[in-house]
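S.K.:
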C-alpha cells in the first residue's frame, strides 16, 4: 500500500488553464504539505496543513490554493497556469506538527505548462 | 528564516569507496537534521536523521555527524554500491517553531562501477 499517493503523475496543460492535483495519505499523520521542485532539483515548501488549519503559507502566488477536505487529503488547486509553474510538485505528510517530525513524500506530479 | 548550504552539487566515487556530503545551516535554533535520498522519478525518502542533542548516528553503511558549534552536519556513506546512486538532500528544521524543513540544493551522487 502506498503511504502518500498523489494523482496525476503527469499533467500537461496550456497557459491560462485551471488544474488540480490530489494527495492522500494512509499513515494517519496529522500534518500534510506541498513542496515544489524546480528544474534544478531545489525543493521549496509551499503549504502545510494541520487539522485543517493552514499553518505555513510561503510566498507563493495566490493562484495556488490548498484544499483539505479531511485529515487524510490535501489537494492543490492552481488557477490561471503560467509557464513558470512547470515543475514537479510533491505532497508529503508527517506524524505531528513540530520541528522534528520526519516527512514522508509522495512520488510527485510533473506539471508541464505549454 | 533558515538557510541550508550543501556541497558538493555532484560527487562521483568508485564503487566500494566512501562518499561524504556536507551541509551548513544558519539558524542556531534548528534542532532536527534529516537526510533524504531521491531516486529518478520518485519522491525523496528519509534515510537517516539526527537531533541536536546527538553528535553522531549510524545505520549500517550510513552515518551522520553534527557539529552544533560550527553549524554543520555531514552524511557519510561507506562501501558504496551502485544502488547508492541518487540525489541526496540535507535539511534543517526552522528556528521559528513552525512546521516544515528547509532543504539544501541536493548532491547528485554517482557510483562508478
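Residue numbers (the working numbering), protein chains in the order written: chain E, 6 to 119; chain U, 1404 to 1516.
Yeah, the Cβ is synthetic: ideal placement off N, Cα and C, and Gly gets one too.
Whose C-alpha, out of 1478(U), 1434(U) and 1412(U), is nearest the C-alpha of residue 1463(U)?
M.R.: Among 1478(U), 1434(U) and 1412(U), the Cα nearest to that of residue 1463(U) is on 1478(U).
S.K.: With a floor of 3 residues, list each beta strand (DSSP E) that falls wholly inside the segment 25-53 of chain E, ordered by position along the chain.
M.R.: Complete beta strand (DSSP E) runs here, min 3: 36-42.
S.K.: Contact criterion: CB-CB distance below 8 Å. Does residue 1501(U) meet it with respect to chain E?
M.R.: Confidence in residue 1501(U) is poor, its pLDDT being 42 and thus under 50, which makes the residue's placement unreliable; the coordinate value appears in the next sentence. With 8 Å as the cut-off, residue 1501(U) counts as an interface residue toward chain E.
S.K.: Check each candidate in 1412(U), 1417(U), 1486(U) and 1458(U) and name the one with the smallest Cα separation from residue 1475(U).
M.R.: Answer by Cα proximity: 1458(U).
S.K.: Which ranges would you report for the beta strand (DSSP E) in the segment 1406-1475 of chain U if only whole runs of at least 3 residues count?
M.R.: For the segment 1406-1475 of chain U, whole beta strand (DSSP E) runs of length 3 or above, ordered along the chain, are 1407-1410, 1413-1417, 1422-1428, 1435-1441, 1448-1454, 1459-1462 and 1465-1470.
S.K.: Kindly confirm or deny that the segment 68-88 of chain E and the segment 1409-1425 of chain U touch, where touching means at least three C-beta pairs closer than 8 Å.
M.R.: No, they do not touch.
S.K.: Under 8 Å, Cβ to Cβ, is there at least one residue of chain U near residue 56(E)?
M.R.: Chain U contact via Cβ: absent.
S.K.: From 13(E), 81(E) and 45(E), pick the residue whose C-alpha is nearest to that of residue 54(E); which is it?
M.R.: Of the listed residues, the one whose Cα sits closest to residue 54(E) is 81(E).
S.K.: CB-CB under 7 Å to residue 92(E), same chain, minus the five flanking residues each way: which ones, in chain order?
M.R.: Contacts found: 41, 42, 43 and 116.
S.K.: Can you tell me whether DSSP reads residue 71(E) as helix, strand or coil?
M.R.: Here residue 71(E) sits in strand by DSSP.
S.K.: Report the CB separation of residue 1417(U) from residue 1489(U) in whole angstroms; it is logged as a contact under 8 Å.
M.R.: That belief does not hold up - the Cβ atoms of residue 1417(U) and residue 1489(U) are roughly 17 Å apart, past 8 Å.
S.K.: Using a cut-off of 7 Å between C-beta atoms, extract the partners of residue 105(E) located in chain U.
M.R.: Result: 1434, 1435, 1454 and 1496.
S.K.: What's the call for residue 8(E), buried or exposed, on a 16-neighbour Cβ count within 10 Å?
M.R.: Answer is exposed; the Cβ neighbour count stays below 16.
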